[in-house]
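Colleague:
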Amino acid sequence: MTRRGLENQPGFGSDSFLDIVANIVGILIILIVVAGLRVSQAPVPTRPAAQRCQVEPATRSDHSTSHVRANTSRVRSTNAAPAVATTDGGASQPSRRHATASHRTEVPAEEAAPTAAADQTGPEPGGEQTESPEATAQVLPHEPAPPPDLVARAVQLRKDIEAFEDHLDEIGRVYRRTAEQVDQLRERLGKLRQELASARTDAAHAGRRLAAARFDLDEARRQLARLQQEWERLQKMPRPVHRIEHKVTPVSHEVHGQELHFRLSGERVSVVPLDELLQRLKSQIQRQRDWLIRFRRHEGQVGPVDGYTLTYVVERKPVPILEELQAGRRMIRIIVSRWELVPGPDVVEETAVRALDPGSRFSTALLLAPPDATLTFWVYPDSFSLFRRLQRAAQERGFTVAGRPLPFGVPIAGSPFGSRSAGQ
């Protein structure tokens, strides 16, 4: 039985092994009983009594020599049947030898011992051996040999017993290997049971998650149904009409008079005191004129006013020779090459609703402004809707409005090389 065959068969248990052992023992018992019956039916032999007969020395008497020779010939004629010798290994073998030359007959050790002892005693002191024919007849009787078929059967039985013992050993080895495989399978079964328990736990968690997902799906379906109903209701309602205001001829012109500046950022408006800051800049340059003449370029700042600070750059420029000749003296021109407004944390900003209320800073600035003044709005991208509302309110009051859009991060700035505002 190969290992592959064992692996393909069902698990080998201890009950099957005990059944096999019981069957083998039963077969052995039956064979032994059969052998015993055959042995009992055979004729009962007596223990073999053979005696080695040796020729006495020439010193014995003629009567003793002739008597021994007669006994020896009698033994030789009696031992004509085959004898059986048993080996240590348990197998019986026929071993008969015809003593034709040496005139001696072999006997078992336990019966030959008295004869050997008698031989060792030697001749009687008289030098002659006196032995009666009756004594010789009692020593030399020969037991009949067992039948050859019975001997062969016994040998075959011993071989069968040895084969069964070998087969039993093989079965024991197979049983041990099978027991090891059973232990391995049990260990593997334990691991599989643990994995199965873990898989069941994961399946339970997955089932709970699936139930939660189904609940969410049902809720989403209900919400979708509500949204569909709302959408259908809105589809049945009349659509609102958006009123678009526009001007037929939006013509603008450059501003040369007084300007009021406003900064629009984050949907809030703040008043920019640019004129007051520029006036402070002129006064500061007049005070520092002597100091500025000695330097080619100077940077400074004025303010803050209403939360705004004005930073500037002053540069010294040469005067053309023609102008110096006309003036009759050497001249130096100091100009503001660039200015920039920086809003601080104190800047007051107002929403559209607050700016249009009476008493707000925006409304107050409009009340104090001359009728021909231009309102310049510096607008960032997030405040165009606020610009339209303030533009409408300012134009209703008769003011010219100029819009100057600015990208995010670009401050309000000016220079002699800049452009003027265009108002409507």
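Going by the numbering used here, the first residue of the sequence shown is number 7, and it counts up by one from there. Ideal Cβ positions, reconstructed from N, Cα and C, are used throughout, including at glycine.
1) So what's residue 207 in DSSP terms, helix, strand or just coil?
2) With DSSP as the reference, label residue 342 as helix, strand or coil.
3) Which first and last residues belong to the beta strand (DSSP E) in which residue 410 is found?
4) Going by C-alpha distance, which of 209, 391, 352, 212 is nearest residue 477?
5) For residue 361, which of 395, 178, 164 has the nearest alpha-carbon?
6) Could you say which of 386, 151, 404 lies nearest to residue 378 if we only look at CA atoms?
7) Comparing the CB of residue 185 with every heavy atom of the ligand GTP, is any distance shorter than 7 Å?
8) On a CA-only basis, which of 202, 38, 178, 208 is nearest residue 164? Give me that one, please.
9) Please work out which residues of its chain come closer than 8 Å, Cβ to Cβ, to residue 24, disregarding the five sequence neighbours upstream and downstream, and give them in chain order.
10) Pick out whichever of 184, 234, 156, 306 has its Cα sitting closest to the Cα of residue 21.
11) Residue 382 and residue 265: beta carbons closer than 8 Å?
12) Which term fits residue 320, buried or exposed, when burial requires 16 or more other beta carbons within 10 angstroms of its beta carbon?
13) Helix, strand or coil for residue 380? Go by DSSP, reduced to three states.
14) Quick one: which unbroken beta strand (DSSP E) runs of 3-plus residues sit fully inside the stretch 263-330? Chain order, please.
15) So what's residue 361 in DSSP terms, helix, strand or just coil?
16) Please work out which residues of its chain come closer than 6 Å, Cβ to Cβ, to residue 366, disregarding the five sequence neighbours upstream and downstream, and give them in chain order.
17) Please state if the CB of residue 277 and the CB of residue 399 are separated by a distance shorter than 8 Å.
18) Is the distance from the Cβ of residue 156 to the Cβ of residue 45 below 8 Å?
19) Candidates 191, 154, 316, 387: which alpha carbon is nearest residue 274's?
20) I need the boundaries of the alpha helix (DSSP H) containing residue 471, first residue and last residue.
21) Determine the DSSP secondary structure at residue 351, reduced to helix, strand or coil.
22) Tell me whether the beta-carbon of residue 318 lies closer than 8 Å to the beta-carbon of residue 279.
23) Starting from residue 385, follow its DSSP beta bridges and name the residues at the other end.
24) On the DSSP bridge list, what partners appear for residue 419?
25) According to DSSP, residue 356 sits in a beta bridge with which residue or residues?
26) In this structure, how does DSSP classify residue 226 when only helix, strand and coil are distinguished?
27) Run through DSSP, which three-state label would residue 177 get?
28) Check whether the Cβ atoms of residue 174 and residue 30 sit closer than 8 Å, and answer yes or no.
29) Decide if residue 385 is buried, meaning its Cβ has at least 16 other Cβ atoms within 10 Å, or exposed.
30) Could you check if residue 113 is buried or exposed, using at least 16 other CB atoms within 10 Å of its CB as the buried criterion?
31) Could you give the DSSP three-state label for residue 154: helix, strand or coil?
32) What is the DSSP secondary structure of residue 232, counted as helix, strand or coil?
33) Going straight from the alpha carbon of residue 42 to that of residue 166, what length do you get?
34) Just mark residue 269 as buried or exposed, buried being the case when its beta carbon has 16 or more other beta carbons within 10 Å.
35) Let me know the secondary structure DSSP gives residue 445 once reduced to three states.
Modeller: So, from the data block:
1) helix
2) strand
3) 406-411
4) Since the first residue shown for the chain is 7 and the last is 430, residue 477 is missing from the structure and cannot be characterised.
5) 395
6) 404
7) Ligands displayed in this structure: none; no statement on the ligand GTP is therefore possible.
8) 38
9) none
10) 184
11) yes
12) buried
13) strand
14) 265-271, 274-278, 303-311, 314-324
15) helix
16) 356, 360
17) no
18) yes
19) 387
20) A question about residue 471 goes unanswered here, because the residues of the chain that appear run from 7 up to 430.
21) coil
22) no
23) 270, 411
24) 346
25) 275
26) helix
27) helix
28) yes
29) buried
30) At residue 113, the pLDDT of 37 sits below 50, so the modelled position is not reliable; the number obtained from the coordinates is stated separately. Buried, since its Cβ has 16 or more Cβ neighbours within 10 Å.
31) helix
32) helix
33) 16 Å
34) buried
35) Absent from the structure is residue 445, since the part of the chain shown begins at 7 and ends at 430.
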